[in-house]
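For reference, the structure is listed below as structure tokens.
Residue numbers (UniProt numbering): 1 to 692.
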């Protein structure tokens with residue numbers, strides 16, 4: 001069966017490849033032993049791959065993985081790679097089969113007869129037949145190519161860049177992507193020279209980051225593939241289609257010193273030594289990096305032997321840490337646990353030896369120096385199953401003063417409360433002061449209830465109120481609710497929650513209604529009750545604060561379970577988990593996006609099934625920067641260029657246009673050559689903003 005979208009991790013032993021060219025059988029061999037001092041002076045062990053060579057990263061990595069070898073000079077023991085030597089088509093096929101973990105399926109004993117004009121070396125026949133069977137090659141297409149070329153035999157013919165691109169795309173199971181991109185525009189100036197049968201493969205390889213041009217603007221499709229080019233192709237393919245190799249581990253850097261690196265992976269930590277022979281690279285660059293670019297608590301891949309890190313690649317720019325603030329309660333040395341108060345609830349924080357504790361000025365402290373009720377800022381990791389504290393900063397002095405009392409009056413200028421001793425206290429309100437009523441999104445002073453709300457006022461150094469928190473009540477939020485009845489005489493609504501539990505809630509003069517974010521009146525809201533819309537109902541006690549109608553749900557992803565097919569969002573201040581039936585994910589620029597492309601923290605909009613509370617479509621919010629090339633005002637189309645010089649058309653229908661300062665703009669504000677940021681919901685543009 002041809003291999004489509006079917007990738008599997010494969011071990012080194014299945015894919016060790018000799019990139020040597022020439023006739024006869026390919027030889028499997030062990031990587032040439034190179035001393036550390038040799039590696040220290042260059043990014044590869046080969047004398048003809050100098051520091052600064054465009055493929056040094058990929059050659060070094062594949063060599064240390066045991067994927068490629070070089071040519072050893074028996075006289076002086078030096079090794080060369082011959083990066084510019086071409087690779088034949090039959091050799092490229094064998095390498096692709098090994099890369100895909102299929103080579104062992106070749107039947108060396110089979111009697112294989114090809115078309116008379118399709119000539120390959122005897123050693124490669126079984127592999128070529130396997131490539132036909134597995135869909136890496138199309139038999140009729142290759143027969144036709146062989147018949148058309150009267151100057152070269154098919155097997156020993158140097159493999160061209162466009163032909164190898166097709167081979168690799170099919171080897172990694174992405175032919176469907178090539179089919180989808182067959183008619184897409186290419187940014188290469190010599191795109192017209194690319195054979196029509198290969199256009200989709202080249203476009204797919206560019207989008208997947210597997211190939212770049214010979215220059216920024218040319219692809220050179222007919223140029224023979226060199227050993228360096230093929231090493232680069234295979235190396236880049238690993239970024240999207242990872243493989244496993246002996247001695248290679250990916251994880252999080254949990255500790256970093258001048259001479260060692262500790263990597264956390266699969267629930268355990270392993271420490272590797274670092275020395276002058278260790279090679280450093282960054283996922284986002286082809287050039288060598290330095291040890292200083294390693295990010296503690298960031299992602300990295302290590303290739304090691306005998307406990308020594310030979311190759312280290314930074315795999316991300318994000319530290320897997322989070323910050324928690326609270327007040328110190330106590331610690332348990334026997335259990336290595338610190339207890340703090342967070343939002344009036346006790347939270348236990350594990351720690352390990354080596355925990356850094358300091359005050360706000362950077363002065364080192366011991367755990368014995370922490371005082372009860374001291375304000376602590378704790379940095380803890382997020383990559384372990386049980387997060388562990390790695391740094392604690394103790395505040396040297398309170399940053400604000402609190403006043404508690406019963407709300408009497410207030411606006412954006414001044415607020416008055418009655419304290420426990422009966423005194424009235426008035427304070428100026430600082431610009432941007434916030435109101436917090438649990439469960440109510442963006443509350444204002446008008447939501448405070450005179451003589452009923454107990455509040456805490458936070459004061460800044462100027463004795464101004466910066467925050468008002470209601471402590472004796474909260475707003476309950478019921479998402480995915482159905483309103484089954486409205487009693488106009490007594491102003492009651494019967495609301496049924498997701499568990500089928502009915503609630504009788506009363507309307508007040510302050511009850512608000514909206515439909516997909518736009519305010520509506522009560523009569524319009526009543527008409528929506530019979531139209532099978534879900535409602536988000538906010539209420540306190542049994543009084544309705546607001547009712548929002550929509551069959552859309554937007555929020556920040558906190559978890560997605562691909563086995564149970566559920567997605568959990570933080571929406572409207574509450575966490576909700578619901579099933580999804582969506583098989584595809586809408587994500588701008590990613591036609592093949594799936595559920596694994598959704599990360600915690602991503603903002604998504606779910607289309608809800610009117611008949612059942614489940615997501616029928618998941619649309620990921622994203623943004624991208626472009627350069628405007630032209631505007632078609634007749635069709636309302638914006639034409640832009642990406643950072644990789646790909647052209648794209650964006651419909652401006654129902655799209656908000658903003659100037660760089662955030663004020664409203666028009667189509668005429670968009671000029672050729674200007675930089676813009678386009679915000680998407682799924683694959684649809686919703687906002688275009690000029691960059692300053």
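Built from N, CA and C at the ideal position, the CB exists for glycine as well.
Taking the DSSP output, what are the residues bridged to residue i?
| i | result |
| --- | --- |
| residue 619 | 586, 605 |
| residue 79 | 72 |
| residue 675 | 627 |
| residue 429 | 465 |
| residue 579 | 566 |
| residue 493 | 486, 505 |
| residue 418 | 406, 424 |
| residue 519 | 514 |
| residue 471 | For residue 471, which the question treats as bridged, DSSP gives no partner whatsoever. |
| residue 86 | 226 |
Checking 9 Å against the spacing of the C-beta atoms, do residue i and residue j come in under that value?
| i | j | result |
| --- | --- | --- |
| residue 119 | residue 153 | yes |
| residue 324 | residue 357 | no |
| residue 478 | residue 503 | yes |
| residue 302 | residue 249 | yes |
| residue 177 | residue 58 | no |
| residue 410 | residue 466 | no |
| residue 164 | residue 92 | yes |
| residue 289 | residue 281 | yes |
| residue 217 | residue 241 | no |
| residue 328 | residue 360 | no |
| residue 670 | residue 651 | no |
| residue 437 | residue 483 | no |
| residue 136 | residue 97 | yes |
| residue 173 | residue 184 | no |
| residue 307 | residue 273 | yes |
| residue 618 | residue 567 | yes |
| residue 88 | residue 157 | yes |
Going by DSSP in three states, residue i sits in which element: helix, strand or coil?
| i | result |
| --- | --- |
| residue 7 | Reliability of the predicted coordinates at residue 7 is poor, the pLDDT of 36 falling under 50, and the value obtained from them is presented with this limitation in mind. If DSSP states are grouped into helix, strand and coil, residue 7 belongs with coil. |
| residue 595 | helix |
| residue 396 | coil |
| residue 668 | helix |
| residue 737 | In the structure as shown, the chain starts at 1 and stops at 692, and residue 737 therefore has no counterpart that could be examined. |
| residue 389 | strand |
| residue 681 | strand |
| residue 166 | helix |
| residue 480 | strand |
| residue 571 | strand |
| residue 401 | strand |
| residue 367 | helix |
| residue 47 | coil |
| residue 192 | helix |
| residue 211 | coil |
| residue 611 | coil |
From what residue to what residue does the alpha helix (DSSP H) around residue i run?
| i | result |
| --- | --- |
| residue 248 | Per DSSP, residue 248 belongs to no alpha helix (DSSP H); it is in the beta strand (DSSP E), 248 to 256. |
| residue 202 | 199 to 207 |
| residue 527 | 522 to 529 |
| residue 57 | 56 to 65 |
| residue 98 | 89 to 99 |
| residue 176 | 175 to 180 |
What are the boundary residues of the beta strand (DSSP E) that residue i is part of?
| i | result |
| --- | --- |
| residue 552 | 552 to 561 |
| residue 703 | Shown here, the chain extends from 1 to 692; a query on residue 703 therefore has no answer. |
| residue 375 | 375 to 381 |
| residue 455 | 454 to 459 |
| residue 515 | 512 to 515 |
| residue 545 | 543 to 549 |
| residue 538 | 535 to 540 |
Taking 9 Å as the CB-CB cut-off, is residue i touching chain D?
| i | result |
| --- | --- |
| residue 383 | No chain D is present in this structure, which holds just one protein chain. |
- What runs of the beta strand (DSSP E), each 3 residues or longer, lie entirely inside the segment 107 to 164? Along the length of the segment 107 to 164, whole beta strand (DSSP E) runs at least 3 residues long do not occur.
Handout entry: In chain order, each beta strand (DSSP E) run of at least 3 residues that lies wholly inside the segment 299 to 363
Key = The qualifying runs are 299 to 305, 308 to 314, 321 to 332, 337 to 342, 345 to 359.
Where in the segment 216 to 294 do unbroken runs of the beta strand (DSSP E), each at least 3 residues long, occur, reported from the N-terminal end onward? Those beta strand (DSSP E) runs which fall completely within the segment 216 to 294 and span 3+ residues are 248 to 256, 260 to 265, 268 to 273, 279 to 282.
Could you give the uninterrupted runs of the alpha helix (DSSP H) lying entirely in the segment 622 to 658, keeping only those of 4 residues or more?
DSSP runs (the alpha helix (DSSP H)) wholly in the segment 622 to 658: none.
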